[in-house]
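Note that our numbering gives residue 222 to position 160 of the sequence shown, counting from 1, and the numbers run on in steps of one.
All C-beta atoms, glycine included, are put in the ideal place defined by N, C-alpha and C.
Here is the structure we will look at.
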Amino acid sequence: MTEAPESSDAFARRLVLIVAVSGVLIALVGILALQILSVRTERASQEALHSIAEQAGRRLAAYISQQKTLLRAVAGAVAGSPDAPRKLAQAVLDAPGLGKVATIDAQTPPAKLPRLRPEQLADALHGKEVSSALYIKDDLTPSMDACVPAPGPPGQAVCAMLDLLELQREVQRIRVGDTGFALAFDADGRLFAAGAGQLRSAVVSGESVAESVFARELQSGREPPTRFKSSLGEEVVAGWERLTDPPWAIVVEQPTREAFRAARLALAALGAVALLALGAATAVGIAQSRKVLTALEIE
């Protein structure tokens, strides 16, 4: 007499268990899908930022290459000319990116030499192209000195100061979304161009910023992080690019709150839909279980 109720109770428990397990499995699949979508969204943001940094790096390298090409053309134009100093002075008018164009040799006074290390100066006088490290001039604009071989007798080089103000502005113009920006660092990790106005004081002072450490890591061959706390105190997602000539580093970064905003809204919407679907499935399962139990009890 008691076997039927017990059998019905056991069957009811099994049905509830089946519904519960099904609900848990659906929830786990939903959570996994949302996690995969989140990872892919972050990866897509990183790839997009790296692409922007790569393009910026190519433009910077092309600018430096163009200035050096102009310097070589100037050196070739004045070769063997008796009024070479005058022609070099006029070259600045035709190539405004070049300043203080002059021929140097072993007798040039130290005050008139470019900002080269002694070994670089020796290489320049032995027919090699050399470039100084980037430095900030008295007018607070970035510059670097470059020398190319002077055609004619050995032991001479034509040198110029390369004005990098336009290059600095190029970096400052890079914008990603509403708050994303770019930073450029020299070989020592010094910031020399910043798209964020709050960081431009560090360009003048030479003060290290949070990204300086990562820029040095990139120059040493290590991969910098693509998600970190920036100099502005925000968590950002970033894309890096390393230049070889000159040995600089570019980072384009965007706060995660902005970069993932659309994805997070989509994830929230998907999560809500998944919860509703799970609730509906559970409710239907319970309702069907009750119908089955009721039918069994009637029988």
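How far does the alpha helix (DSSP H) with residue 273 in it extend, from its first residue to its last?
Taking the first residue of the sequence shown as position 1, residue 273 is located at position 211. Unbroken alpha helix (DSSP H) run through residue 273: 272-281.
Quick test of the definition: if touching needs 3 or more C-beta pairs under 8 Å, does the stretch 240-259 touch the stretch 150-169?
no
Beta-carbon proximity check, residue 303 vs residue 109, cutoff 7 Å
Counting from 1 along the sequence shown, the entry for residue 303 is found at position 241. Counting from 1 along the sequence shown, the entry for residue 109 is found at position 47. It is not a contact, given that the beta carbons lie outside the stated cut-off.
Can you tell me which of 322, 104, 312, 151 puts its alpha carbon nearest to the alpha carbon of residue 236?
Stepping through the sequence shown from its first residue, residue 236 is reached at position 174. Checked all of 322, 104, 312, 151; the closest Cα to residue 236 is 312.
With DSSP as the reference, please indicate the residues paired to residue 245 in a beta bridge.
On the sequence shown, residue 245 is found 183 positions in, with the first residue counted as 1. Answer is 256, 313.
Would you list the residues sitting across from residue 290 in a DSSP beta bridge?
One-based indexing of the sequence shown puts residue 290 at position 228. In the DSSP output, where bridge partners are listed per residue, residue 290 has 298.
Pull up the CB-CB distance for residue 175 and residue 205, whole angstroms please, since I reckon it's below 8 Å.
Along the sequence shown, read from residue 1 onward, the residue named residue 175 stands at position 113. Along the sequence shown, read from residue 1 onward, the residue named residue 205 stands at position 143. Actually they do not touch by this definition, with Cβ atoms about 15 Å apart.
Length of the line joining the Cα atoms of residue 260 and residue 294:
Position 198 of the sequence shown holds residue 260. Position 232 of the sequence shown holds residue 294. When rounded, the distance between both Cα atoms is 8 Å.
Distance, Cα to Cα, residue 106 vs residue 297?
Position 44 of the sequence shown, counting from 1, holds the residue named residue 106. Position 235 of the sequence shown, counting from 1, holds the residue named residue 297. Each residue's alpha carbon lies about 17 Å from the other.
If you pair each beta-carbon of the stretch 305-319 with each one of the stretch 243-260, do three or more pairs fall below 8 Å?
yes
With a 10 Å radius around its C-beta and 16 neighbouring C-beta atoms as the bar for buried, classify residue 338 as buried or exposed.
For this step, residue 338 is matched to residue 276 along the sequence shown. It counts as exposed.
Per-residue burial, residue 179 [other beta carbons within 10 Å of its own, 16 or more giving buried]
The residue given as residue 179 occupies position 117 in the sequence shown. Residue 179 comes out exposed.
Buried versus exposed call for residue 150 [16 or more other C-beta atoms within 10 Å across all chains shown]:
What you label residue 150 is simply residue 88 of the sequence shown in a count that begins at 1. It counts as buried.
Relative to the C-alpha of residue 301, which candidate in 217, 102, 111, 103 has its C-alpha closest?
Within the sequence shown, the letter at position 239 stands for residue 301. Minimum Cα distance to residue 301 is reached at 111.
Whole alpha helix (DSSP H) runs in the stretch 173-240 with 4 or more residues, listed along the chain?
180-187, 227-234
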